[in-house]
Amino acid sequence: MKKTIRTLLFSTCIAFGISQVSFAQTQSSFTSAQVNDLHTIIHDYIVQNPQVLVEASQVLQAQQQKKMEASAMTGIAANKAALFNDSQSPSVGSNSAPVTLVEFFDYQCGHCIEMAPIVEKLISTDKNLHVVFKEFPIFGGMSDYAAKVALAANMQPGNKYYAFHNLLLGANGLTKEKIMALAQKAGLNMATLKTDMDSPAILAQLRSNYKTAQALKLMGTPAFVISNKAETKFAYIPGATSLADLQEKIASVQQ
7 MKKTIRTLLF STCIAFGISQ VSFAQTQSSF TSAQVNDLHT IIHDYIVQNP QVLVEASQVL
67 QAQQQKKMEA SAMTGIAANK AALFNDSQSP SVGSNSAPVT LVEFFDYQCG HCIEMAPIVE
127 KLISTDKNLH VVFKEFPIFG GMSDYAAKVA LAANMQPGNK YYAFHNLLLG ANGLTKEKIM
187 ALAQKAGLNM ATLKTDMDSP AILAQLRSNY KTAQALKLMG TPAFVISNKA ETKFAYIPGA
247 TSLADLQEKI ASVQQ
């Protein structure tokens, strides 16, 4: 009986991620001395078996991940136009490609910076891919400034956005001066750029990106959304990943 109670109470304790629990609802069944004994049993068990806290955390994390992905999938299906058919969003590759990959990113996000060469490799090796870039400057400050300049770059002729995008992600820290120096390096028209970056169209684009991200309940950057051309199969990757995983998810929506 004592072992059964210990197991039950320990399971309850782990489910809520604490080592001591309140027995307010059970005090009518247990005396104060018994409650104290149960506290001691739980405490001692955790101290002697600390690995169960890691195991419980992993289970909880997996459950939360599944819930987040399910919520994202619902958001993707309800926001297909904003994700895959927004003509204002910068992109590379053909609009008629069999697969579209959408990336939400921030230029000051460490994981986004780590993903940049992986995404670049994917683009260079998969010619049947349309990649859409969603400026999502969640870190504010220079992130917001860089996003506005990048979207202004996308308004200029010559398809110079992607080169500028990669220069920003490859920069070691961002300042206004460095951003503009990189824009000049990318061959952008600086006078036009400075005028366009604060235009209503760009502010509207950023608001739209935030709204779409909110619909997907994105928790951070980077985040990847993948769809087949018919927009009937989707894949979602929250966070940094490998080239192999991206390629696997791309293949999965084509099956």
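Be aware that the sequence shown starts at 7, since it is given in my numbering, and climbs by one per residue. Heads up, the beta-carbon is just placed ideally off N, CA and C, and yes, glycines get one too.
Hey, could you find the ends of the beta strand (DSSP E) residue i is sitting in?
i       : result
Lys-140 : 135–141
Ser-95  : Looking at the DSSP string, Ser-95 is not in any beta strand (DSSP E), and its letter there is neither H nor E.
Ile-243 : 240–244
Ile-129 : No beta strand (DSSP E) holds Ile-129; the alpha helix (DSSP H) holding it covers 116–131.
Phe-36  : No beta strand (DSSP E) contains Phe-36, which DSSP labels as neither H nor E.
Thr-3   : Nothing about residue 3 can be reported from this structure: the residues present for the chain run from 7 to 261 only.
Phe-110 : 105–111
Leaving out five residues before and five after residue i in sequence, what residues of the same chain have Cβ atoms less than 7 Å from its Cβ?
i       : result
Gln-260 : Pro-104, Val-105 and Asn-234
Measuring straight from C-alpha to C-alpha, what distance separates residue i and residue j?
i       : j       : result
Lys-133 : Asn-101 : 12 Å
Gly-164 : Gly-193 : 9 Å
Glu-254 : Ile-243 : 11 Å
Gln-54  : Leu-222 : 41 Å
Phe-110 : Phe-90  : 12 Å
Ala-241 : Ile-232 : 5 Å
Val-27  : Asn-42  : For Val-27, the predicted model reports a pLDDT of 46, less than 50, meaning its position is unreliable; a value from the coordinates is still stated below. Each residue's alpha carbon lies about 11 Å from the other.
Ala-207 : Ile-48  : 59 Å
Asp-112 : Ala-189 : 17 Å
Leu-252 : Glu-75  : 16 Å
Ser-77  : Ala-39  : 45 Å
Let's test the definition: count the other Cβ atoms within 10 Å of the Cβ of residue i and tell me whether it reaches 16, buried, or not, exposed.
i       : result
Gln-57  : exposed
Asn-215 : buried
Pro-96  : buried
Met-196 : exposed
Ser-258 : exposed
Asp-202 : buried
What residue does the alpha helix (DSSP H) around residue i start on, and which one ends it?
i       : result
Asn-234 : Where Asn-234 is concerned, there is no enclosing alpha helix (DSSP H), although the beta strand (DSSP E) it sits in stretches over 229–234.
Thr-201 : 196–202
With DSSP collapsed to three states, give me the class of residue i.
i       : result
Thr-32  : Interpretation of Thr-32 is limited by its pLDDT of 49, a score under 50 that renders its predicted location unreliable; no figure is taken from the coordinates.
Gly-147 : coil
Asn-215 : helix
Got a sec? Which residues, its chain only, sit under 6 Å from residue i by beta carbon, not counting five neighbours each side?
i       : result
Ile-124 : Leu-249
Met-186 : none
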